[in-house]
Every structure is written in structure tokens, then in C-alpha cells.
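Working notes, structure below.
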Amino acid sequence: MPAGTLYRGREGMWSWVAHRVTGVLIFFFLFVHVLDTALVRVSPEAYDDVVATYKTPLVNVMEYGLVAAILFHALNGLRVVAVDFWAKGPKYQKQLLWTVVGVWVVLMAGAFYPVLQHTLRTLFGS
Numbered sequence: 075m076p077a078g079t080l081y082r083g084r085e086g087m088w089s090w091v092a093h094r095v096t097g098v099l100i101f102f103f104l105f106v107h108v109l110d111t112a113l114v115r116v117s118p119e120a121y122d123d124v125v126a127t128y129k130t131p132l133v134n135v136m137e138y139g140l141v142a143a144i145l146f147h148a149l150n151g152l153r154v155v156a157v158d159f160w161a162k163g164p165k166y167q168k169q170l171l172w173t174v175v176g177v178w179v180v181l182m183a184g185a186f187y188p189v190l191q192h193t194l195r196t197l198f199g200s
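Per the working numbering, the very first residue in the sequence shown carries number 75; after that it's consecutive.
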């Protein structure tokens, strides 16, 4: 890397990038959610058609991605609060990040079947 570069690809930068990306993904979901919910006022039949498309395996996998984004964004947000408002936060920011990642992996593993059970049953049978 060139000398004098502000970002060196360390944990802090990657958590910053992941926090922004998950925030944008959550915003996009909320935007689509508001639009499809508003569709019920325009045409209840169109709303039913849109909701029917949400029951596909692809959308179910996207829901799991949404859970992943929300969970990481929330946990990392708590880490950011700790780093900003806890006197020892900056000293332990790397350990806090790896704790967030560990908790996130465990919770995502626990959410795997409950979120994806419809898709798993559709693809592999009961």
C-alpha cells in the first residue's frame, strides 16, 4: 500500500464498510416494503400477486440475507456506541468487532432453519 493512505484495510475499515452496506440494504428493503404495502390501497389483487411472489425460495433466501443484514447492523451499531462512549472502547475496538462477528455467526446459524424451513421443505421435501 502507498505510504500515507488513510485506509489500510484493517478491521475498523471493513466494519465501517459493512455497516454502510447493511444500512443501504435495510433502507432498500424498507423502501420496497412501503411500496408494496401501499399497493393494497391501489389494487388489492395486485397486492395479492406481489405477496404471492414473496413465497418463492429465492425471496426466502433474500429474507435470510435481510435477517443477516439487520442483525449485523444492530450488533455493529452497539459496538460503535461502545467505542464512542466507553472510555476503553477505542482500545478494545478490534476485540469488540470479533465479538460482534462471533455473536452474529452463532445467531445466524440458529436462524438458518427457522427462516429457511419453507425453502428447505420445498426443495428437499418434508
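C-beta: ideal position from N, C-alpha, C; glycine also.
Stretch pair the region 107 to 123 + the region 181 to 188: three plus CB contacts closer than 8 Å: Verdict: no, contact absent.
Limits of the alpha helix (DSSP H) - the one that ARG84 falls within: For the purposes of this step, residue 84 is taken as residue 10 along the sequence shown, with counting starting at 1. Note, ARG84: premise wrong, no alpha helix (DSSP H); not H, not E.
VAL124 and ASP110 closer than 8 Å at C-beta: Residue numbering aside, residue 124 sits at position 50 when the sequence shown is read from its first letter. Residue numbering aside, residue 110 sits at position 36 when the sequence shown is read from its first letter. Yes, the pair counts as a contact, with Cβ atoms nearer than the cut-off.
Three-state secondary structure (DSSP) of GLY163: To locate residue 163, count along the sequence shown from 1; it is residue 89. Correct three-state label for GLY163: coil.
Helix, strand or coil at TYR128 [DSSP, three-state]: Position 54 of the sequence shown, counted from the start, is the residue given in the question as residue 128. Three-state DSSP puts TYR128 in coil, outside helix and strand.
Residue of PHE186, GLY86 and GLN191 minimising C-alpha distance to GLY139: The sequence position of residue 139 within the sequence shown is 65, counting from 1. Answer by Cα proximity: PHE186.
Coarse secondary structure for GLY199, derived from DSSP in three states: Sequence index remark: in the sequence shown, residue 199 carries index 125 (1-based). DSSP places GLY199 in the coil class of the three-state scheme, outside both helix and strand.
Residue of GLY176, VAL175 and ARG153 minimising C-alpha distance to GLN167: Within the sequence shown, the letter at position 93 stands for residue 167. GLN167 has its Cα closest to that of ARG153, out of GLY176, VAL175 and ARG153.
Distance between beta carbons of PHE146 and ALA92, contact taken as under 8 Å: Here residue 92 refers to the residue found at position 18 of the sequence shown. Here residue 146 refers to the residue found at position 72 of the sequence shown. That pair is a contact at about 6 Å.
Distance CB(VAL157)-CB(LEU170) smaller than 8 Å: Residue 157 sits at position 83 when you count from the first residue of the sequence shown. Residue 170 sits at position 96 when you count from the first residue of the sequence shown. A contact, by the Cβ cut-off of 8 Å.
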